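Notes follow the structure.
In the numbering used here, the protein residues as written are 6 to 136.
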């Protein structure tokens, strides 16, 4: 084998090695990206579960502390909004949520915030003797 043939042979081996390495690297990036997306989606699902738990708690508050007494101007307990208010600004939550879900949660949050504001005003008026 001449020197020229040897160099030509090494070029092909080197090229094959570069292609193999690049393909392996790209494959690893794709797998890593898929795993990361899966983990983000699992976080999103836990966020949804946290909203569900908060909403269930608010349903109980609605039935036991709001509907029974608000006509008389008394509201015994505020609604919880901490979870939904934080998640509305979470990039992970917004990444996986549908537009309609975000709109519904915005309305839900706004309604709870207004109900809590009503409670605060009502309580202040009662304490000041204006009610």
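Idealized CB from N, CA, C, for every residue including glycine.
Predicted model, so just to flag it, every value in this text is computed and none were measured.
- Between residue 12 and residue 29, the alpha-carbon positions lie close to 25 Å from each other.
- Excluding five sequence positions before and after residue 54, none of the CB atoms of its chain fall closer than 6 Å to its own CB.
- Counting the other CB atoms within 10 Å of its CB gives residue 71 a total of 16 or more, which places it among the buried residues.
- Within the stretch 55-117, the runs of alpha helix (DSSP H) that reach at least 4 residues and sit entirely inside it are, in chain order, 87-92, 96-101.
- The Cβ atoms of residue 117 and residue 63 sit closer than 9 Å to each other.
- Here residue 101 is near residue 46, since their CB atoms are less than 9 Å apart.
- One Cα belongs to residue 24, the other to residue 14, and the distance between them is close to 16 Å.
- Shown here, residue 26 sits in a helix according to DSSP, grouped into three states.
- For residue 88, the CB contacts under 7 Å within the same chain, skipping 5 residues up- and downstream, are 55, 56, 59 in chain order.
- Across the structure, residue 38 and residue 99 are spaced so that their CA atoms are roughly 18 Å apart.
- Rounded to the nearest angstrom, the gap between the Cα atoms of residue 125 and residue 84 is 12 Å.
- For residue 35, the number of other beta carbons within 10 angstroms of its own is below 16, and it is reported as exposed.
- Around the Cβ of residue 130, a 10 Å sphere holds fewer than 16 other Cβ atoms; the residue is exposed.
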